[in-house]
Every structure is written in C-alpha cells, then in structure tokens.
Ligand SMILES: Cc1cc2nc3c(=O)[nH]c(=O)nc-3n(C[C@H](O)[C@H](O)[C@H](O)COP(=O)(O)OP(=O)(O)OC[C@H]3O[C@@H](n4cnc5c(N)ncnc54)[C@H](O)[C@@H]3O)c2cc1C
Ligand SMILES: *[C@@H]1O[C@H](CO)[C@@H](O)[C@H](O)[C@H]1NC(C)=O
C-alpha cells in the first residue's frame, strides 16, 4: 500500500495554546503543521507593553493552581458550572503530568534544561474559604490528583491574622517567554513551519495557497518562514478558483484576536515583576485570596526572570497603562503574606517592570470543539472546511495547555476518521 500523503493542518496562533497544539499535532507523525500568527514569542524584555497587549501569553505568571472542582456553596450550583469545573480540572491534571515529563531530566533532558518548567511547593491562603476548599482533606485531595497535599496549621499562616484556611501541594511554575520560545524552537526543529501575518478569518486561512502537502518540503532549506503563494492563485480565471486542498484542517487558537464570539471578553490583569527570586527561602508559589475579593500572589519565573507579584482580575477593563498606586499596594501586601521574599536586611522589593495583560476569557468556559465551516469560494461554489476551536482560556491558558492540545489532536483525528474510516493519530485521554 502506498503511504497516504500527510494532512496539512494550519494552526492560527502562537500563544501557549497554539504552540502546544501545533507541537503535539506534529509529534503524531501524520501531519504537516504550519503556525500562522501575528505575534510570535520572543525575549520578554523585547515584548512591547502596548503593541503586544492583546497577545496574552507573555504577561502570565505563570504558575499552576488547582481549582477544586467541588460545589462552591451548599446551595447546589447549576450543573453546567460544576461540569465545566470538572472538565477544566481534568485538563489541568493532564497538563501537570506532561509538565512533569518536561521537567524530568531522565525523560527529556533538553526540556529539563531549557523549558524553564520547575516543580515546587504551591501554597494557598484563603481569608474567606468557600466550601470547596474547606472540604479538601488529604484523601479527597489525593482522589482529585493533588500530590504532597497538606492542610496548613494556623501557626503557618501569615502573621497578620487574616487567613482562615490554607494548604500546600506540589505544583509547577515557568517563565512564559522562555517556555514559549522553547516550544517554538522544538516545533521548528522537528519540521514545523511558521508564517507571520495577521488574518481576518478562519475562512481566509482555508483560501491561502500554502505549500501544505508538499512531500519534498523538508529538502527546502530556509523555508521555515513561509510566504503564501497567493499571487499565483489570483492569476487564475474566476471559474477555476476554488479552495485548493492544501489546508486540510485549521486550529483556531487565536486567543481573542479573531472573530465574532459574543461570549468572549477580556479580564485585565496588572502585576509587577520584581528582581527578587526568593533566594532566602525555598522556591514556592504563594496565592492568597483576600476577603474583599482581591488576590495577592507570587510566581517565581525562573531563568533569571525574577518573581511576578500580583495581581488584579478586572473584567472588561481595557486600560493599557499600569496604575502606580496599585503596584505599591501589591508590593506592600505581598510582604505581609510572604516576608521570605525579601533579601536579608532589605525592607523593600526591587520592581523591574509593570505588567498589564488581557486574559482571553469566555462566558461558559473555554471553547474546545470542532466545527464544519462553509467556505464561500464563489457564489455558486460552496466548500466545507474543518476547524478545531481552542480559545477562551481566561486566566488558565498555561495550566490547561497540554490537556487542550490533546483534545485538539483527538478532535482533528476524529474528523479525519469520520471522513475516511482511518484515523491518523490520536492521543489517549486520562
Ligand atoms: C496578568 C496575567 C497573569 C496570568 N497568569 C497565568 C498563570 O499564572 N497561569 C496560567 O495558566 N495562565 C495565566 N494567565 C493567562 C494566560 O496568559 C492565557 O490564558 C494564555 O496566554 C492564553 O493563550 P492563547 O494561546 O489562548 O492566546 P494568546 O497568547 O493571546 O495567543 C493568541 C495568538 O493568536 C494570534 N492571533 C490572534 N488573532 C490573530 C489574527 N487575526 N491573525 C493572526 N494571528 C492572530 C496572536 O498573534 C497570538 O499568536 C495570565 C494572564 C495574565 C494577563
Ligand atoms: C475563532 O476564535 C475567535 C476568538 O479569537 C472567535 O471569536 C471566533 O468565533 C472563532 N471562530 C471563527 C470561525 O472565527
């Protein structure tokens, strides 16, 4: 039997979701994969605070913080909310397990050295703990997949007396741009292709004439950066113009940059990077949920990235500028909660950079599902194309990334299976 030609998948987006999905698709061995994006990762120091504000991935902490998928109050919540919480928890666990492989020197020495993923203690403090947290005990936490879980005792709480409940468990942190650059490099090194450009719709991507299924592609050195062959397409007579099947499926990992989903909104986040990296204590990530609804947290970024001190969650606030008063407040508050962050003999943290980011949030939770689109080529000529959506991750893009990427691979492979009766690839679920 002849080897079937590889399917060409185009991923829109080079944030953590597009990069993870593209890499996992490529690793299946049965796809050629191109990432099209307006923004690609680069050194954090070169990421422009306003120009890149809608590119969410540079502005994250980023740490993993499990959200216990239990009813948040005794009056039972709508089923939809509960099942969404459970679904996200499964994605977070899948991600946890893949992050473990990435940080393990045995399984993946390159990743262990260069991905910046670090496992460490995650500490949670709550001033007004909801039932879902108070119900967490050793056995229940183990059942939910937490490792090294322990409810903290009162003497371990911050000295200001505000905290009523706390716990710790094993978790991970990473430096977002170091990590995303690592994913991008691995993707290109293994044969993935990239095209830097803005697109207006998923439809447009199906109509770009990309050298998708070209089996000789790997011998074309230097063509990692693609340019679309659109000019050739435009010269064709109108009747001959139809979607050239160079793109077999599209992944919509555009964060918040495309389209018309009315459930999408942004959640502004302001944080501050400080130079301190917790050298006076063991590295850990601390999150405190205050009674007034505000958050106080730290994320050691690793790889000479200092520590992120946060932070706000402000739905629909488009203010691109950091508020200096808020920064002072964040830095003051964290010292009460985590005094060990300060170097000995110092009374103040050393701010390096303010961060203002926009979390691509979606009412009802992330959209991770396939859709058949009608592609209008001409008025009388309709074709269909498959798009796998993976957007709307809100404040959890890194936490859920590998779980989402696995669902993307499964969604794409199921689509081809249904069409042809044979499945190219697919990864097992939990
Ligand atoms: C302050 C702050 C703190 C956070 N902390 C954490 C944390 O600790 N842990 C965590 O898990 N998450 C955290 N997040 C959330 C996380 O950053 C996001 O969930 C994640 O980055 C979303 O990734 P994405 O790939 O979906 O989108 P993005 O990173 O926004 O990427 C979108 C991609 O699509 C491309 N694109 C969009 N539109 C177009 C178009 N029309 N044409 C071409 N390309 C297009 C963009 O150029 C980009 O490449 C935080 C966010 C903020 C703001
Ligand atoms: C793709 O993602 C965007 C979010 O960036 C969303 O608004 C849009 O509806 C999605 N689907 C299509 C077909 O564009």
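In full-length UniProt numbering, the protein residues as written are 1 to 430. In this text, a Cβ means the ideal position worked out from N, Cα and C, and glycines have one as well.
Taking buried to mean at least 16 other C-beta atoms within 10 Å of its own C-beta, is residue i buried or exposed?
i: residue 254; result: buried
i: residue 55; result: buried
i: residue 168; result: buried
i: residue 310; result: buried
i: residue 437; result: The question about residue 437 has no answer, for the chain in this structure spans 1 to 430.
i: residue 406; result: buried
i: residue 192; result: buried
i: residue 153; result: exposed
i: residue 431; result: Only positions 1 to 430 of the chain appear in this structure, which leaves residue 431 out of reach.
i: residue 318; result: exposed
i: residue 46; result: exposed
i: residue 111; result: buried
i: residue 29; result: exposed
i: residue 83; result: exposed
i: residue 86; result: exposed
i: residue 97; result: exposed
i: residue 147; result: exposed
i: residue 364; result: exposed
i: residue 140; result: exposed
i: residue 155; result: exposed
i: residue 347; result: exposed
i: residue 68; result: buried
i: residue 336; result: exposed
Is the Cβ-Cβ distance between residue i and residue j less than 8 Å?
i: residue 33; j: residue 25; result: yes
i: residue 307; j: residue 301; result: yes
i: residue 270; j: residue 322; result: yes
i: residue 173; j: residue 118; result: yes
i: residue 391; j: residue 366; result: yes
i: residue 177; j: residue 66; result: no
i: residue 63; j: residue 285; result: yes
i: residue 372; j: residue 386; result: yes
i: residue 314; j: residue 268; result: yes
i: residue 171; j: residue 138; result: no
i: residue 298; j: residue 334; result: yes
i: residue 39; j: residue 14; result: yes
i: residue 251; j: residue 12; result: yes
i: residue 107; j: residue 115; result: no
i: residue 362; j: residue 263; result: yes
i: residue 203; j: residue 375; result: yes
i: residue 35; j: residue 22; result: yes
i: residue 93; j: residue 145; result: yes
i: residue 50; j: residue 360; result: no
i: residue 183; j: residue 20; result: yes
i: residue 127; j: residue 163; result: yes
i: residue 246; j: residue 195; result: no
i: residue 259; j: residue 341; result: no
i: residue 388; j: residue 412; result: yes
In the structure shown, what three-state DSSP assignment does residue i receive?
i: residue 330; result: helix
i: residue 52; result: coil
i: residue 218; result: Because residue 218 carries a pLDDT of 43, less than 50, the predicted location of this residue cannot be relied on, and the following value inherits that uncertainty. If DSSP states are grouped into helix, strand and coil, residue 218 belongs with the helices.
i: residue 107; result: coil
i: residue 434; result: In the structure displayed, the chain extends from 1 to 430; residue 434 sits before or after that span and is not available.
i: residue 46; result: helix
i: residue 311; result: coil
i: residue 403; result: helix
i: residue 40; result: coil
i: residue 199; result: coil
i: residue 119; result: strand
i: residue 132; result: helix
i: residue 417; result: helix
i: residue 62; result: coil
i: residue 95; result: helix
i: residue 193; result: strand
i: residue 24; result: helix
i: residue 124; result: strand
i: residue 17; result: helix
From the beta carbon of residue i, is the nearest beta carbon of chain C less than 8 Å away?
i: residue 296; result: Looking for chain C here will not work: only one protein chain is present.
Scan the stretch 136 to 180 and note each continuous alpha helix (DSSP H) run of 4 residues or more that stays entirely inside, going in chain order.
138 to 143
Taking only runs of the alpha helix (DSSP H) that begin and end inside the stretch 251 to 306, which ones reach a length of at least 4 residues, in chain order?
none
Length at least 4, wholly inside the stretch 319 to 398: the alpha helix (DSSP H) runs in chain order
324 to 337
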